[in-house]
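Novice: I'd like to ask some things about the structure below.
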Amino acid sequence: MQVSIHHRIFSECSSFNLIDIQQKALESWCSSDQNAPVRFLGQTSNNNGYKTYHFFEVAPHKTLKNCLVVRM
Numbered sequence: 001m002q003v004s005i006h007h008r009i010f011s012e013c014s015s016f017n018l019i020d021i022q023q024k025a026l027e028s029w030c031s032s033d034q035n036a037p038v039r040f041l042g043q044t045s046n047n048n049g050y051k052t053y054h055f056f057e058v059a060p061h062k063t064l065k066n067c068l069v070v071r072m
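If you read the sequence shown in UniProt numbering, its first letter stands for residue 1, the second for the next number, and so on.
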């Protein structure tokens, strides 16, 4: 299954964090009942090393099959 990251998250994360967020999103979705969007807590850091925590939401893409979208 493909996991797509919403463009707003790219401005706040380094590439390493994006892989971590994609993995957490997929794990959260697969461990849920998959009937509603799932929220999970993730940590981001920008290129300056500033770290923050955010709640992310993962849900099926509205038009693509086998694709999840992660939003903040």
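Just so it is clear, CB atoms sit at the ideal spot from N, CA and C, and this is done for glycine as well. Computed from a predicted structure; not experimentally measured.
Within the same chain, show all residues whose beta-carbon is closer than 7 Å to that of Asn66, passing over the 5 residues directly before and after it, in chain order.
Specialist: By one-based count along the sequence shown, residue 66 stands at place 66. Counting only Cβ-Cβ distances below 7 Å, and skipping sequence neighbours, we find Met1, Gln2.
Novice: Alpha carbon to alpha carbon, how far is Asn35 from Ile21? Give it in angstroms, no decimals.
Specialist: Taking the first residue of the sequence shown as position 1, residue 21 is located at position 21. Taking the first residue of the sequence shown as position 1, residue 35 is located at position 35. Approximately 21 Å, taken between the alpha carbons.
Novice: Does the Cβ-Cβ distance between Tyr53 and Leu41 come in under 9 Å?
Specialist: If you number the sequence shown from 1, residue 53 lands on position 53. If you number the sequence shown from 1, residue 41 lands on position 41. In contact: Tyr53 and Leu41 (Cβ atoms closer than 9 Å).
Novice: Output the boundary residues of the beta strand (DSSP E) element that contains Gly42.
Specialist: What you label residue 42 is simply residue 42 of the sequence shown in a count that begins at 1. 38–45 is the span of the beta strand (DSSP E), which, as asked, contains Gly42.
Novice: Could you have a look at Ser32 and say whether DSSP puts it in helix, strand or coil?
Specialist: The residue given as residue 32 occupies position 32 in the sequence shown. Coil at Ser32, not helix or strand.
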